[in-house]
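Protein chains in written order, with this note's numbering: chain A, 187 to 486; chain B, 27 to 381.
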């Protein structure tokens with residue numbers, strides 16, 4: 187007993203106690219709900235069996251049913267487009283801004299900090315702001331496009347099935363660009379300046395220095411950002427809820443919104459869980475990419 | 027001899043700070059020039075100006091006869107070895123070496139051949155596939171030099187390249203750099219704060235202080251005839267002793283004030299009664315038998331390294347003597363010192379200029 191106590195105070199026992207707490211927390215708060223979700227996707231769940239744990243097992247029936255539904259593939263396609271479009275937009279604009287602020291003109295770091303305003307705002311507020319911007323009749327976006335002669339008639343961004351998904355993508359790019367910019371700025375700042383001087387003396391012009399020094403040195407940062415971007419865009423829910431609600435006619439619906447809609451509006455809990463499981467697979471892949479790219483830091 | 031690098035009337039300002047003051051320097055092709063001085067003296071700024079990494083405010087900078095004031099670094103055809111080496115961490119040694127060739131669009135096979143040739147001369151053949159992080163300090167240093175050599179540039183610039191190496195390796199690399207310079211027939215400018223490095227490696231030493239060239243010339247010229255007190259104190263190790271002195275009535279001797287007035291002869295005619303500073307190099311002061319010396323000094327500290335004995339006197343103006351013969355001497359002894367009249371340096375008391 188005495189030995190056990192002294193081990194807990196000062197020894198392996200202490201290490202085990204330290205590990206147990208976070209592990210227990212993770213298991214209870216993240217692991218169990220996750221597993222419960224997976225379990226539900228293989229069960230038949232209705233309003234009357236909600237309170238029980240062991241429900242009738244149906245094997246892959248929920249998955250088969252899901253893919254038999256006509257809206258499934260379009261919604262998966264929407265999700266892919268939303269993820270790729272958002273990440274591409276956030277990354278490219280974010281990288282552009284990071285390079286811009288890297289020039290370090292007076293006030294650069296101060297201004298860069300201000301850009302974070304978009305990122306700290308709640309998604310629902312951002313959605314509300316973009317609802318005004320995107321508004322068909324008096325929105326400022328239509329005004330700008332019309333006045334600059336790009337469009338002749340108003341586009342009803344939120345209610346036109348051809349544009350509704352792009353409306354959310356635009357808002358999401360605006361929301362996530364600042365975060366990309368900050369992480370990329372940190373990556374840029376960690377590249378030693380003398381590498382550029384050496385490359386300059388070796389005859390490389392600005393363009394060549396970007397491709398041969400900046401980009402390769404940023405590889406791990408870029409990998410981490412793309413992986414995080416995938417995770418964040420698959421989590422994006424507020425903007426759909428506040429801008430299009432997935433409509434019209436699922437034209438802007440994506441899996442994360444659909445899963446919620448199926449579970450908590452249509453009370454088809456099994457299908458909702460099934461979609462969630464499919465998403466978990468993709469997020470896991472992103473998480474692995476993230477962990478790998480932050481582990482392989484290249485620093486001389 | 028053609029002039030490879032010429033600087034005339036070069037000034038550099040950072041805002042109100044005058045970093046380089048009226049620099050006049052001309053470097054002939056094939057010479058090894060060392061820029062030496064204490065930190066903040068402007069030697070690195072001068073080197074970076076040559077490279078084009080800093081722009082000069084006024085004056086002319088010519089490389090191989092061409093005016094380079096506004097030419098960007100990549101068009102100056104100059105190679106630089108950085109203190110940090112600045113190796114590209116994401117490239118192998120071979121890719122580091124061939125970077126400049128690939129930028130210029132030279133073919134893969136040809137670049138590879140060039141890298142192998144250079145690597146063979148610098149002992150890197152076995153390391154071509156490694157990344158910089160897998161190399162030791164000395165090997166990184168070699169990669170940095172090889173990267174410069176492969177381009178056959180108009181001039182090599184070295185920015186304190188040995189300061190990150192340990193003492194033994196530094197002495198070794200010193201010889202290696204100089205040998206390489208001679209073999210390539212290169213023009214090199216080498217920045218260091220270590221006067222020994224400058225003296226041993228260079229054909230031409232430039233001593234700088236506060237953005238001004240205090241003196242430039244062959245190493246031994248600087249040692250034998252320092253232009254002022256600063257150069258005299260900077261060149262030579264241990265540093266020259268400075269003692270207050272007054273010129274004797276005959277103008278051929280100095281009354282030096284080391285605790286008590288003692289008279290030492292000089293080999294040139296000076297203005298009688300003038301207050302000056304006498305400069306005596308430790309290695310020029312010899313410990314002699316009683317009655318044979320020109321002055322007598324009480325011994326303060328004795329340090330023996332085996333090859334030499336460093337004696338520091340307990341006088342008000344401390345005097346250091348380096349004695350290579352093994353004489354037994356102890357703290358508190360009074361010893362007799364001799365010095366040749368031609369080895370006595372005399373500087374103006376106020377301006378520090380050599381008389």
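From the three backbone atoms N, C-alpha and C, an ideal C-beta is built for every residue, glycine too.
Query	Result
Every unbroken alpha helix (DSSP H) inside the segment 353–432 of chain A [4 residues or more]	379–387, 392–395, 405–421 and 424–429
Chain B contact residues for residue 389 of chain A, given Cβ-Cβ distances below 7 angstroms	100, 126, 129 and 130
Whole-angstrom distance between residue 262 of chain A and residue 189 of chain A, CA atom to CA atom	58 angstroms
Candidates A:275, A:246, A:288 and A:259, of which the one nearest residue 378 of chain A by Cα	A:288
Any C-beta of chain B under 8 angstroms from that of residue 208 of chain A	no
Cβ pair count under 8 angstroms reaching 3, the segment 51–69 of chain B against the segment 232–240 of chain B	yes
Contact belief for residue 370 of chain A with residue 407 of chain A at Cβ below 8 angstroms, rounded distance in angstroms	6 angstroms
Span of the alpha helix (DSSP H), counted from its first residue to its last, around residue 286 of chain A	258–288
Three-way DSSP call (helix, strand, coil) for residue 298 of chain A in this model	helix
For residue 390 of chain A, the nearest candidate out of B:91, B:315, B:46 and B:100 (CA to CA)	B:100
Chain-order list of residues whose beta-carbon lies under 6 angstroms from that of residue 52 of chain B (same chain, five-residue window excluded)	29 and 32
Length of the line joining the Cα atoms of residue 70 of chain B and residue 182 of chain B	14 angstroms
Straight-line Cα distance separating residue 72 of chain B from residue 79 of chain B	10 angstroms
Pick from B:370, B:149, B:223 and B:112 that is closest to residue 194 of chain B, judged by C-alpha positions	B:223
Exposed unless 16 or more other CB atoms sit within 10 angstroms - verdict on residue 40 of chain B	exposed
Where residue 293 of chain A falls, given that 16 or more other Cβ within 10 Å makes a residue buried	exposed
Beta carbon proximity, residue 108 of chain B to chain A, threshold 8 angstroms	yes
Supposed close pair residue 254 of chain B, residue 379 of chain B - CB separation, criterion 8 angstroms	5 angstroms
Expected contact under 8 angstroms - CB spacing of residue 293 of chain B and residue 367 of chain B to nearest Å	4 angstroms
Same chain only: Cβ atoms within 6 angstroms of residue 351 of chain A, ignoring 5 sequence neighbours per side	264 and 438
Own chain residues within Cβ distance below 7 angstroms of residue 90 of chain B, not counting five before or after	30 and 180
Every unbroken beta strand (DSSP E) inside the segment 305–374 of chain B [3 residues or more]	312–314, 321–330, 335–339, 346–349, 360–364 and 371–374
Cβ-Cβ distance between residue 428 of chain A and residue 364 of chain A below 8 angstroms	no
DSSP-derived helix/strand/coil call for residue 485 of chain A	Residue confidence is low: residue 485 of chain A scores 45 on pLDDT, short of 50, so the model does not pin down where it sits. No coordinate-derived value is stated.
Test item: CB-CB of residue 213 of chain B and residue 60 of chain B under 8 angstroms	no
Opening and closing residue of the beta strand (DSSP E) in which residue 44 of chain B lies	43–54
C-alpha gap between residue 257 of chain B and residue 411 of chain A, whole angstroms	56 angstroms
Residues sharing a beta bridge with residue 438 of chain B, DSSP	For residue 438 of chain B there is no data in the structure shown, the boundaries of chain B being 27 and 381.
Test: residue 394 of chain A CB closer than 8 angstroms to a CB of chain B	yes
Residue 430 of chain A and residue 344 of chain A closer than 8 angstroms at C-beta	yes
Between the CA atoms of residue 333 of chain B and residue 35 of chain B - distance to the nearest angstrom	46 angstroms
Amino acids of chain A, ordered along the chain, whose beta-carbon sits closer than 9 angstroms to that of residue 114 of chain B	381, 384, 385, 398, 399, 402, 403 and 486
Proximity test, Cβ basis, 8 angstroms: residue 105 of chain B and chain A	yes
Residues that residue 77 of chain B contacts on chain A, provided the C-beta gap is smaller than 9 angstroms	383, 386 and 387
Collapsed DSSP secondary structure at residue 478 of chain A in the structure displayed	helix
Residue 324 of chain B versus residue 276 of chain B: straight-line alpha-carbon distance, rounded	28 angstroms
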